[in-house]
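*Asks:* Handing you a structure now.
There are 2 protein chains.
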Amino acid sequence: MSRPEPTRIVSKLPDAIPFVAPEAYEREMGTKFLARLGANESVFGPSPNAIQAMTEAVRNPQWYGDPLSFELKSALVTKHNLTNDHFVVGPGIDGLFTHIASAYFAPGDRVVTTLGSYPTFNYFVDAVGAELVQVPYRNLKVDLESLAKEAKQCQAKAVYLANPDNPSGTFHDGNAIQHFIDQVPDETLIILDEAYLDFLEDYEVADLRLIRLRTFSKLYGMAGARVAYAFGEPETLQPLNRIRPHFEVNSIAQAGALASLQDHDFKTKIQEKNRLAKYDLAILLEKYGLYPLASSTNFVLGDAGSKARAEAIVTNLRQERVFIRKPGLAPLDQYIRVSVGTEEDYAVLAKALKQVNL
Amino acid sequence: MSRPEPTRIVSKLPDAIPFVAPEAYEREMGTKFLARLGANESVFGPSPNAIQAMTEAVRNPQWYGDPLSFELKSALVTKHNLTNDHFVVGPGIDGLFTHIASAYFAPGDRVVTTLGSYPTFNYFVDAVGAELVQVPYRNLKVDLESLAKEAKQCQAKAVYLANPDNPSGTFHDGNAIQHFIDQVPDETLIILDEAYLDFLEDYEVADLRLIRLRTFSKLYGMAGARVAYAFGEPETLQPLNRIRPHFEVNSIAQAGALASLQDHDFKTKIQEKNRLAKYDLAILLEKYGLYPLASSTNFVLGDAGSKARAEAIVTNLRQERVFIRKPGLAPLDQYIRVSVGTEEDYAVLAKALKQVNL
Chain A
1 MSRPEPTRIV
11 SKLPDAIPFV
21 APEAYEREMG
31 TKFLARLGAN
41 ESVFGPSPNA
51 IQAMTEAVRN
61 PQWYGDPLSF
71 ELKSALVTKH
81 NLTNDHFVVG
91 PGIDGLFTHI
101 ASAYFAPGDR
111 VVTTLGSYPT
121 FNYFVDAVGA
131 ELVQVPYRNL
141 KVDLESLAKE
151 AKQCQAKAVY
161 LANPDNPSGT
171 FHDGNAIQHF
181 IDQVPDETLI
191 ILDEAYLDFL
201 EDYEVADLRL
211 IRLRTFSKLY
221 GMAGARVAYA
231 FGEPETLQPL
241 NRIRPHFEVN
251 SIAQAGALAS
261 LQDHDFKTKI
271 QEKNRLAKYD
281 LAILLEKYGL
291 YPLASSTNFV
301 LGDAGSKARA
311 EAIVTNLRQE
321 RVFIRKPGLA
331 PLDQYIRVSV
341 GTEEDYAVLA
351 KALKQVNL
Chain B
359 MSRPEPTRIV
369 SKLPDAIPFV
379 APEAYEREMG
389 TKFLARLGAN
399 ESVFGPSPNA
409 IQAMTEAVRN
419 PQWYGDPLSF
429 ELKSALVTKH
439 NLTNDHFVVG
449 PGIDGLFTHI
459 ASAYFAPGDR
469 VVTTLGSYPT
479 FNYFVDAVGA
489 ELVQVPYRNL
499 KVDLESLAKE
509 AKQCQAKAVY
519 LANPDNPSGT
529 FHDGNAIQHF
539 IDQVPDETLI
549 ILDEAYLDFL
559 EDYEVADLRL
569 IRLRTFSKLY
579 GMAGARVAYA
589 FGEPETLQPL
599 NRIRPHFEVN
609 SIAQAGALAS
619 LQDHDFKTKI
629 QEKNRLAKYD
639 LAILLEKYGL
649 YPLASSTNFV
659 LGDAGSKARA
669 EAIVTNLRQE
679 RVFIRKPGLA
689 PLDQYIRVSV
699 GTEEDYAVLA
709 KALKQVNL
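What follows is the structure in structure tokens.
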């Protein structure tokens, strides 16, 4: 008997999911991780304001959340000094990528990105049958000049960059980003993923072609709640509103995100905690021969010297019930990636690294 | 200056959103609704177990939710006597529609549905450029025979039906549905939206081509939390896992959904409350000359006799701070649709209907 076939595009996609979740390893191991330092989640947790707002919100989950996220957007309007129409709220940056891809990318379109940078983005490009054009890192940083050049050369539909970048942790300042934007062809959409920018001072860049993305998953400690936003010129964002599920953003997450923004000291407080804890992490990694790269995020790359050693460390740490990840592609594949943790996490990590002895 | 263009498909889509949210009306009115009976939300709220589980979950939103929803799926495995691979959990049925459309529908594909049935489904078909083929209701019910016939005639990629149906509230039993399934061509995907089936006894139907959809938004009172699931043969569901954002389901919602299922009396209790409150609603509507249709859901259609009168009632009730909706298309466009409410809601509704006097 014949059966319904997926689209030609989806038929060709691999079954593999982008990456294995820590819970999947835990089920395999039959025990929990002692330190969960693989997904750049915030060990500092959310604002107490957010917990309070969400504790109230879960008492009445029977009402759909506001599909226009008006209250949350009003706080964003103030924060960024823009208008309501400059924002689209979505269920995480990945969810917003789905909508950007559906709104802008068609089969045959070329999308330029950095080889090895946030591979999940590529997953959404593949899903709509667009073609990835990948430019290597340069000195372990996103190569802005080559990205812009390639965008021009291949008449790219879009160019993607994460700033700060994941998994390298490196950063370009606002001037460099604005200069990059100015080099990109007029017809090319610029997708600027700023998931980790909250850990630094904000910068201003502007362009008609720009979609910037922010999340409450990282500094704001709400990865499980699924709330993020895109901002840019209303005309550039408007196509997303033609295709997104309008009631997709959780009401509890909206309440938590709003309350986080209203906790005005929170960002500075976490920036400071993160800075100190990242410093301790770098020292720890160096002590075990894993030379740390300077990082503008809440994770640190440690140089294991070779891909084989880096892979062995990740696997062996897992056996010691420590969850970390590593970049898959050169030149970053000889590094391990460890998220900022608590003192307890570091004690567990140090003990495990000693045990692993690689 | 030229700028990035959305895809050809998305360029042609209207700017309009599927429907206006009650919050948007409230902002316009400058005041809150006294009765919110327009979105078939559950006035009975969620299980106390769910509130407790979510109250705990919001204390630690910093961790991503399990992308495989293993614990929730394990409860579903028990409930439906299937395997883990028979399920995909998603952020609401609308969210799952996005994935079904992306996985299965390409431009030129024909998708058969009932004219006037859950119009949001059409929105997701339009978003990927597939062609809608719409079959009229027959005696105010989904016309199973004509749906199957049309699916054969137009070599449909998929056929959609909601059972119980929204907005008619009518229902076909399991035998009728199985008979329908048997008439549909082998190559046609069958999308069976059972958002409201929890209000009735479950039935068993089986087919390789079938994707059934359930939600925690209706009987389980968790519309704001955004959690639903698709189930069917693993091979039929598997394409969804190639394109969905794997971390899209809120951890808080997953905890709440699991706890709801573990509250074994909850479903029967709400079914009974809903049955009684629906009876009261039917009596109320009849009293005001809005002859009620029998409903298998948590809402009731009341016959206003004409489209113009139905529209006037909806608009005028809004001025009395009562939020209801109405179907847009014939033969249901002469009805108003009112969700089951509390006694307080009904007191407000009765007073407003008297005031409106249409």
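Respectively, the protein sequence lines represent chains A and B. Just so you know, we're using the numbering used here here: the first sequence kicks off at 1 and counts up by one. Just so you know, we're using the numbering used here here: the second sequence kicks off at 359 and counts up by one. Cβ coordinates follow ideal geometry from the N, Cα and C atoms, glycine included.
In chain order, which continuous runs of the beta strand (DSSP E) of length 3 or greater are located wholly inside the stretch 436-471 of chain B?
*Replies:* 445-448
*Asks:* Does the contact criterion of 3 or more C-beta pairs under 8 Å hold for the stretch 79-90 of chain A versus the stretch 106-121 of chain A?
*Replies:* The answer is no - the stretch 106-121 of chain A does not touch the stretch 79-90 of chain A, with fewer than three Cβ pairs under 8 Å.
*Asks:* Could you tell me whether the Cβ of A:D85 comes closer than 8 Å to any Cβ of chain B?
*Replies:* no
*Asks:* Below 8 Å, can you find three or more Cβ-Cβ pairs linking the stretch 172-183 of chain A to the stretch 212-228 of chain A?
*Replies:* no
*Asks:* Does A:M222 come within less than 8 Å of chain B when only Cβ atoms are used?
*Replies:* Chain B contact via Cβ: present.
*Asks:* Using a Cβ-Cβ distance under 8 Å, would B:M412 count as near chain A?
*Replies:* yes
*Asks:* Just the chain A side, please: which residues come within less than 8 Å of B:N418 by C-beta, in chain order?
*Replies:* What B:N418 touches in chain A: G45, G224.
*Asks:* Nearest CA to the CA of A:P48: which residue from A:L281, A:R321, A:K267, A:V348?
*Replies:* A:K267
*Asks:* Quick one, which of B:A393, B:G403, B:H457 has its alpha-carbon nearest B:Y587's?
*Replies:* B:H457
*Asks:* Distance cutoff 8 Å, beta carbons only. Does B:E399 sit that close to anything in chain A?
*Replies:* yes
*Asks:* Which bits of chain A does B:P364 rub up against, with CB to CB less than 7 Å?
*Replies:* A103, Y104, P239
*Asks:* Is the separation between the beta-carbon of B:V500 and that of B:L519 shorter than 8 Å?
*Replies:* yes
*Asks:* Once you ignore the five residues that flank B:I451 on each side, which residues in its own chain have a CB closer than 7 Å to its CB?
*Replies:* D551, A553, L571, T573, A586
*Asks:* Go ahead and pull the three-state DSSP assignment for A:V314.
*Replies:* helix
*Asks:* Hey, B:A485 and B:A464 are a contact pair by Cβ (cut 8 Å); roughly how many whole angstroms apart?
*Replies:* No, B:A485 and B:A464 are not in contact; Cβ-Cβ is about 12 Å, not under 8 Å.
*Asks:* If you measure from the beta carbon of B:S432 to each beta carbon in chain A, is any gap under 8 Å?
*Replies:* No, no contact with chain A.
*Asks:* Am I right that B:V680 and B:A640 are in contact with their C-beta atoms under 8 Å? What's the rounded C-beta distance?
*Replies:* Not a contact, Cβ separation roughly 17 Å.
*Asks:* Just mark B:G614 as buried or exposed, buried being the case when its beta carbon has 16 or more other beta carbons within 10 Å.
*Replies:* buried
*Asks:* Could you tell me which residues DSSP puts in a beta bridge with A:L192?
*Replies:* According to DSSP, A:L192 bridges with A:L161, A:R212.
*Asks:* Once you ignore the five residues that flank B:Y717 on each side, which residues in its own chain have a CB closer than 8 Å to its CB?
*Replies:* The structure shown does not extend to residue 717 of chain B, since chain B is modelled only from 359 through 716, so no value can be given for it.
*Asks:* Please classify A:N250 as buried or exposed, where buried requires at least 16 neighbouring CB atoms within 10 angstroms.
*Replies:* buried
*Asks:* Could you name the residues that DSSP lists as bridge partners for B:E363?
*Replies:* None, per the DSSP bridge assignment.
*Asks:* Since B:Y422 meets chain A, which of its residues come closer than 8 Å, beta carbon to beta carbon?
*Replies:* A21, A39, E41, S217, A223, G224
*Asks:* Please compile the residues from chain A whose C-beta is within a distance smaller than 7 Å of the C-beta of B:R683.
*Replies:* Neighbours of B:R683 on chain A: none; closest Cβ ~13 Å, over 7 Å.
*Asks:* Chain A partners of B:I671, CB-CB under 7 Å?
*Replies:* Neighbours of B:I671 on chain A: none; closest Cβ ~23 Å, over 7 Å.
*Asks:* How is A:V356 classed by DSSP in three states: helix, strand or coil?
*Replies:* helix
*Asks:* Within 8 Å (strictly less), CB to CB, does B:G686 reach chain A?
*Replies:* In terms of beta-carbon proximity, B:G686 stays away from the interface with chain A, with every pair separated by 8 Å or more.
*Asks:* Skipping 5 residues on each side, what residues in its chain have a beta carbon closer than 6 Å to that of A:P136?
*Replies:* Only residues of its own chain outside the window of five on either side were considered, and among them L115 have a CB closer than 6 Å to the CB of A:P136, listed in chain order.
*Asks:* Using 8 Å as the limit for Cβ to Cβ distance, is A:D333 near chain B?
*Replies:* no
*Asks:* According to the neighbour-count rule (16 or more other Cβ atoms, all chains shown, within 10 Å of its Cβ), is B:T365 buried or exposed?
*Replies:* buried
*Asks:* Assuming A:D345 contacts A:A35 under a Cβ cut-off of 8 Å, what Cβ separation, rounded to an integer in Å, is found between them?
*Replies:* 4 Å
*Asks:* Check the Cβ-Cβ distances between B:D452 and every residue of chain A, and say whether any is below 8 Å.
*Replies:* yes
*Asks:* Distance cutoff 8 Å, beta carbons only. Does B:R600 sit that close to anything in chain A?
*Replies:* yes
*Asks:* Mapping DSSP to helix, strand and coil, what is A:D173?
*Replies:* coil
*Asks:* Identify which residue in B:L651, B:V658, B:S654, B:L690 has its Cα closest to the Cα of B:S664.
*Replies:* B:L690
*Asks:* Along the chain, where does the beta strand (DSSP E) that runs through B:R633 open and close?
*Replies:* Note, B:R633: premise wrong, no beta strand (DSSP E); alpha helix (DSSP H) at 624-645.
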